[in-house]
Amino acid sequence: MHEILSPQERIKKKRDFLLIYRRGKRYRGKYLILIYLPNDLKFSRMAVVTSKKIGNAVKRNKIKRWIRTLYRRNKKLLKNSLDLIIISKKEIQEASWLALKEEYLTAIKSISQKNQTG
RNA sequence: GGAGUAGGCGAGGUGGUUGCUCCUUCUUCUCUUCACGAGGAUGAAGGGGAGGAAAGUCCGAACUCCAGAGGGCAGGAUGGUCGCUAACAGCGACUCCGAGCGAUCGGAGGAAAGUGCCACAGAAAACAUACCGCCCUAUAAGAAGGCAAUUUUGCCUGUCUUGCAGGGUAAGGGUGAAAAGGUGAGGUAAGAGCUCACCGUUCUGGUGGUGACAUCAGAAGCAUGGUAAACCCCAUCCGGAGCAAGACCAAAUUGGCCCCGUUUGAGACGGCCCGUCUACAGGGGCGGGUAGGUCGCUUAUCCCUUUGAGCAAUCAAGGGGUUAGAUAAAUAACCACCCCCGCCAAUGCCUUAGCGGGAACAGAAUUCGGCUUACGACCUACUCCAGCC
RNA sequence: GGGCGAUUAACUCAGUGGUAGAGUGCUACCUUCACACGGUAGAAGUCACAGGUUCAAAUCCUGUAUCGCCCA
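And the structure:
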């Protein structure tokens, strides 16, 4: 019940993407790049970006599913409401499920800490 | 063991936790209407949820919009024959040619309508001229031989060499991818389809076949090299763009058009009022149309099966089925048990325990029919070659 | 999703069946006290890949790969 990812919680419009790319802060990891910007809504929103460099459609779909599952499971960690774009890097082809999970958790923790202090 | 062809299948099964999308039914709330009702949100239950290639976008259609009297030109596509199909560059059967020991595979109109090209080499690359060569005739010189003569010399020739002229030839000629029917015999001054036999080619006729073509007989001595995935000719077909097509609803803002603009704002006429005019504030309406949304959107030239026709592709009739509809784009993550395969451990076998694996190519985007490309873990059938018994 | 196009030397490009070229760059030598400019010479290519047509393919035909452009 608390791990739902409804359509409202996803970034869909090109205007929103451009705004977040321009104003957002960035976190770089080994496999992922996260761009985040606090919003005025009562809930957080997210989007996943996988470029064609990563592979064919099957590989890209699998990575998007992994990242969406990670976001759903760990929504509690985001205490403030944020707009979040998750971009996958080329190195993600060699990543396993567990490695990706660890990287995502550390990234989210650092983001939420910075957001609270700053 | 190797090879070939045709076909099937395409992440083993059950359960659980979290979670996505669509449909149906129900509950609660909200909006609107006189009412029937309609839309949205939340929750619950049930059900459906990627492929053989979904791919490349190479062909053909359906469907939509645009253009369009009719016809032609240009341009493009196809190309053995007959059939199947809504259509196709697809499929089936057959014909001929070629490759392979073979199962089998590949190719296919016209070069005698015309134009172009055929580098290098070669005599010549397409009116068969002509170079070398071969041969005949005439002639000049030389040699040889013979005759006459004292010698110089003169005359003669079924002889030889060289030159020149006229003619006959296409047998032979380093080449080249390709050289003007091939082989053999006769024939001739030398040669030549010049003549003959066989093979090949072309034409005519008969027979068989719907036809491509096959076969038999006769004739022509043979004239016509290759290239049409060069231009071209012949036959048949083709308007263009594509679901981001297209249709509908439609916020905000700017601009446009129409009406009102009064008993109340502004300006003009006027000394003032009434009144008239302007249409600047302001108000109302209209249409186009952006963001956004809805439809198109999944039942269609469909799938399965039985019978009949046909060698087959396929067709006809009957019965049954409904099988994704997303839009920053839906199938995932983890766990447990069973099943199968492989490895290791105590000795050959069994059993038990442990570890690893259950794939590859790859993700619907309007929908079908094909083709091509990628993958082959697996399974089935048939066939060929080689080896052993 | 749907339409188009390109690929030739390190780079930018010619080359419309018959020996793969130009400019820039690179290397060596000359010139200069030295450098630049200039001059001479040279190297560098699986014509993206694979199959076919042809005597012969960068060129013609078919397929594959990579890169790019347009359409609400």
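Just remember that the numbering used here sits 1 ahead of the position in the first sequence, which is counted from 1. We put the beta carbon where it would ideally sit given N, CA and C, even for glycine. Bear in mind that the values here come from a model prediction, so they are computed numbers and not experimental data.
Exercise for the section: Classify residue 49 as buried or exposed, calling it buried when 16 or more other Cβ atoms lie within 10 Å of its own Cβ. Expected result: To locate residue 49, count along the first sequence from 1; it is residue 48. It counts as buried.
Problem - Inter-residue spacing [alpha-carbon to alpha-carbon] between residue 115 and residue 79 - result: Mapped onto the first sequence, residue 115 falls at position 114. Mapped onto the first sequence, residue 79 falls at position 78. The straight-line gap from Cα to Cα measures roughly 11 Å.
Handout entry: Top-ranked residue by Cα proximity to residue 17, from 76, 85 and 31
Key = Mapped onto the first sequence, residue 17 falls at position 16. Residue 17 has its Cα closest to that of 85, out of 76, 85 and 31.
Problem - residue 48 - containing beta strand (DSSP E), residue span - result: Reading the first sequence from its first residue, position 47 is the one you call residue 48. Segment 46-50, the beta strand (DSSP E) holding residue 48.
Practice task
Put residue 63 into one of helix, strand or coil per three-state DSSP.
Solution key: Numbered from 1 along the first sequence, position 62 holds the residue referred to as residue 63. In the structure shown, residue 63 sits in a helix (DSSP, three-state: H, G or I).
Problem - Inter-residue spacing [alpha-carbon to alpha-carbon] between residue 2 and residue 43 - result: Translated into the one-based positions of the first sequence, residue 2 becomes position 1. Translated into the one-based positions of the first sequence, residue 43 becomes position 42. The predicted model places residue 2 with a pLDDT of 39, which falls under 50 and marks its position as unreliable, so this point remains unresolved.
Handout entry: Residue from 107, 83 and 92 whose Cα sits closest to the Cα of residue 24
Key = As a position in the first sequence, residue 24 is number 23, starting the count at 1. Among 107, 83 and 92, the Cα nearest to that of residue 24 is on 83.
Handout entry: DSSP-derived helix/strand/coil call for residue 109
Key = Counting from one through the first sequence, the residue named residue 109 turns up at place 108. Looking at residue 109 - three-state DSSP - the assignment turns out to be helix.
Exercise for the section: Could you tell me which residues DSSP pairs with residue 26 in its beta bridges? Expected result: Along the first sequence, read from residue 1 onward, the residue named residue 26 stands at position 25. Paired residues: 37.
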